[in-house]
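In numbering that gives the first Met the number 0, the protein residues as written are 0 to 255. Accompanying notes for the structure given below.
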Amino acid sequence: MIKSDFSKDTYEPKPTAQNSENHQVADAASQVSPLLGPMAYTLGRHLVLPLFFGRITITGQDNIPTTGPIILAPTHRARWDALLVPYATSLITGNDLRFMVTITECQGLQGWFVRHLGGFPVDTQHPTISTLRHGVSLLQQRKTLVIFPEGGIFRDRKVHTLKTGIARLSLSAEINHPGLGVKIVPMSINYSQPYPNWGTDVNINIGNPINVAEFTNGSIKQNAKRLTEELAKELQHLNHQEAEVTNGQWSMVNGQ
């Protein structure tokens with residue numbers, strides 16, 4: 000979905016003839032349609048996902064905070080992740096999820112649906128301070144954000160190098176609003192097949208929340224680095240923990 004990376008000094012680029020349309024899209028705010036949102040979540044939870052997938056196993060739901068601003072940080076394995084994250088978490092958080100997505104996903108008819116389901120865009124080639132501010136504003140409103148920290152889809156079931164944007168966003172919110180209590184929740188998503196199709200099994204492992212306030216002493220650059228490293232360590236742990244369990248299950252399914 001998104002390369003969650005903000006440079007150390009992120010400024011508004013001046014719109015040019017080539018990027019003015021993208022700039023306009025990137026500055027738009029997010030919302031969740033009171034009609035479309037519940038309908039999409041209900042269809043996904045009770046019809047689409049149960050019919051398409053085989054076994055959906057979720058562990059660690061009790062690690063999800065029930066209050067306060069939250070950033071869900073899942074590994075990214077397929078486009079199905081955008082439906083499975085709400086499936087695994089929305090009943091716990093009680094909030095409509097807000098997804099940070101690429102600017103191309105917020106254009107045309109697809110963009111209309113994405114926006115009305117809580118997506119907000121970032122131009123990965125020209126990230127603007129307005130994107131950061133909107134994310135901070137959502138956290139200040141105690142919303143739940145979803146940001147894929149790897150920055151893209153990886154189907155090899157390995158945790159790849161994380162972008163620092165998720166750390167910078169959460170730190171900006173916590174530093175500018177002391178006591179806000181931002182938590183980052185690591186999530187590992189893996190499928191029994193690299194390209195999910197009908198009957199594919201899914202395992203979602205949710206880890207302990209990371210308290211962003213514990214990373215606010217010192218320079219934001221060093222804090223962002225430490226926070227990103229902590230998130231990477233937690234995702235690696237979840238991924239390794241999950242592999243120990245699921246490899247045996249899936250090998251039995253394959254008759255090995």
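Every residue, glycine too, gets a C-beta built ideally from N, C-alpha and C.
Inter-residue Cα distance where the pair is residue i and residue j
| i | j | result |
| --- | --- | --- |
| L42 | N216 | 44 angstroms |
| L161 | V201 | 22 angstroms |
| T101 | G151 | 10 angstroms |
| T143 | S191 | 28 angstroms |
| E213 | T74 | 23 angstroms |
| D95 | T66 | 13 angstroms |
| Q30 | L137 | 10 angstroms |
| N196 | R154 | 14 angstroms |
| L135 | P177 | In the sequence under discussion, the amino acid at residue 135 is Val, which differs from the Leu named in the question. Cα to Cα, V135 sits roughly 13 angstroms from P177. |
| L116 | E229 | 30 angstroms |
| A172 | L82 | 26 angstroms |
| I57 | Q235 | 17 angstroms |
| F147 | L131 | 15 angstroms |
| I165 | E149 | 10 angstroms |
| Q240 | G198 | 23 angstroms |
Residue burial classification, residue i (beta-carbon count within 10 angstroms, cutoff 16)
| i | result |
| --- | --- |
| Q54 | Rather than Gln, the amino acid found at residue 54 in this sequence is Arg. Looking at its Cβ environment, which holds fewer than 16 other Cβ atoms inside 10 Å, R54 is exposed. |
| D61 | exposed |
| P49 | exposed |
| R97 | buried |
| Y86 | buried |
| M186 | buried |
| K220 | exposed |
| L237 | buried |
| H133 | buried |
Delimiting residues of the alpha helix (DSSP H) encompassing residue i
| i | result |
| --- | --- |
| R97 | Premise fails: R97 lies in the beta strand (DSSP E), 96-101, not in any alpha helix (DSSP H). |
| P118 | First, the residue type needs correcting, since residue 118 is Gly and not Pro in the sequence shown. First-last for G118: 118-121, but that is the beta strand (DSSP E), not the alpha helix (DSSP H). |
| G36 | 35-42 |
| T88 | 80-92 |
Helix, strand or coil at residue i [DSSP, three-state]
| i | result |
| --- | --- |
| G53 | coil |
| A231 | helix |
| N207 | coil |
| I70 | strand |
| T143 | strand |
| T58 | strand |
First through last residue of the beta strand (DSSP E) which encompasses residue i
| i | result |
| --- | --- |
| G47 | Before going on, a small fix: residue 47 reads as Val here, not Gly. Counting along the chain, V47 falls outside any beta strand (DSSP E), and DSSP gives it neither H nor E. |
task = Ignoring anything shorter than 4 residues or poking outside the stretch 158-204, list the alpha helix (DSSP H) runs there in chain order.
result = Counting whole runs of 4 or more residues, the stretch 158-204 contains the alpha helix (DSSP H) stretches 164-175.
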